[in-house]
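Protein chains in written order, with this note's numbering: chain A, 11 to 241; chain B, 15 to 98.
Backbone N, C-alpha and C define an ideal beta-carbon position, used for all residues, glycine too.
First up is the structure itself, then whatever we jot down about it.
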Amino acid sequence: MANALKSITLRRLAIATVLVMAAGYALAFFAAPEDADQGFIQKIFYLHVPLATVALCGWIVAAIHAIRHLQTGDPKHDARSYVSIHISVIFGLAVLLTGAIWAKGSWGVWWEWKEPTLVSFLIVFLLYATYYPLRYAIEDRDRQARYASVFAITAGAFVPLNFLAVRLAQPLIHPRTFSSAGGLPDSMLFPFLVCLVGMALLWATLVWFELDSKAASANLRRIRRALEATA
Amino acid sequence: MIPLLALQSADRYVAGAYLVFLLLLLIYVAIMAAKLSRIQRELGSLAELAERRPPGEHDVGHFRDREREVESVREETHREEAAR
């Protein structure tokens with residue numbers, strides 16, 4: 011398993027992402043039947059729900075890295091936590107936008123403030139949007155990383171709590187995601203799962219890409235300092 | 015390309031949702047491409063800085079010369095010991 015993980019490179023991951031996503035969306039559009047109730051607009055489901063699931067899981071991954079950072083003090087875990095939050099915030103923004111478009115098409119409104127699923131996701135998204143000002147308000151690098159980790163753990167704990175609270179609340183119009191996915195026929199469930207795997211691969215590719223870019227910038231800064239010190 | 019007006023209402027919403035996602039992805043890729051080109055420029059300027067530096071104490075070539083010197087002395091000592 012460890013050797014298999016080591017053999018994965020960013021290039022291979024990116025190729026796998028493209029293949030799985032292409033397969034997933036081809037299945038969603040050409041193989042999955044149209045929803046009897048919603049019709050063609052239900053195709054947004056294959057984009058919106060995987061995005062939301064992966065964004066929420068990404069915030070939990072960020073919390074796990076933050077715990078490891080506080081345990082070990084290793085800055086690489088802080089970088090992983092930061093990048094996981096960053097990519098999940100982008101996915102979260104996509105969830106809100108695609109959700110609003112779907113809501114307008116299905117319910118006739120862009121947003122419904124009485125719906126707990128929508129409002130709770132917005133709260134979680136806005137919570138993570140405050141991560142950036144909090145992080146960059148602190149100048150000292152060590153303190154910045156520690157405080158950011160504490161934030162990532164607290165907010166990460168809020169994600170499953172929020173998920174549970176929404177499931178306990180009375181739904182207004184938004185269906186409960188996993189109970190509805192559980193009730194999907196196989197012809198819809200399989201494309202959905204392929205899209206979900208593709209979206210998770212996309213998240214991992216973007217995280218890896220950004221981490222590599224950050225590592226390259228940090229190495230360049232180190233080389234410049236070393237060259238300037240010996241010049 | 016399908017004209018937007020020819021699309022039915024549901025098709026327009028589906029196309030809109032997928033286009034919004036693609037647009038976000040494209041914006042992210044464009045930002046990362048800008049970062050990558052900045053890294054590339056920085057690397058170029060560092061390469062120039064490294065080339066301009068006179069060979070000195072910290073030069074890699076200097077260490078290689080010393081290594082060769084040490085190696086030749088070591089071989090000479092080894093030969094002398096073998097001859098004895």
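Check                                                                                                             : Outcome
Integer-rounded CB distance, given that residue 134 of chain A should sit under 8 Å from residue 172 of chain A   : 6 Å
Interface flag, residue 37 of chain A vs chain B, CB-CB below 8 Å                                                 : no
Assumed close pair residue 131 of chain A, residue 105 of chain A - CB separation to whole angstroms, cut-off 8 Å : 7 Å
With 16 other Cβ atoms within 10 Å as the buried cut-off, status of residue 88 of chain B                         : exposed
Extent of the continuous alpha helix (DSSP H) to which residue 112 of chain A belongs                             : 85-117
First and last residue of the uninterrupted alpha helix (DSSP H) at residue 238 of chain A                        : 196-240
Own chain residues within Cβ distance below 8 Å of residue 54 of chain A, not counting five before or after       : 108, 111, 112, 115
Contact with chain B by residue 53 of chain A, beta-carbon distance below 8 Å                                     : yes
The stretch 204-221 of chain A / the stretch 23-40 of chain A touching (three or more Cβ pairs under 8 Å)         : yes
Within chain A, partners of residue 6 of chain B - CB distance below 9 Å                                          : Beyond the ends of chain B as shown, which are 15 and 98, falls residue 6 of chain B; an answer cannot be given.
Selected residue, minimal CA-CA separation from residue 68 of chain A, among A:162, A:49, A:153, A:83             : A:162
Nearest residue (CA-CA) to residue 35 of chain B, options A:61, A:27, A:51                                        : A:61
Chain A within 8 Å of residue 18 of chain B, Cβ atoms only                                                        : Per-residue confidence for residue 18 of chain B stands at a pLDDT of 49, beneath the threshold of 50, marking its modelled position as unreliable; the derived number appears in the next sentence. Answer no: the Cβ-Cβ gap between residue 18 of chain B and chain A never drops below 8 Å.
Supposed contact pair residue 51 of chain A and residue 27 of chain B - C-beta distance, whole angstroms, cut 8 Å : 5 Å
Per-residue contacts from residue 56 of chain B into chain A (C-beta, under 7 Å)                                  : 230
Cβ of residue 121 of chain A within 8 Å of any chain B Cβ                                                         : no
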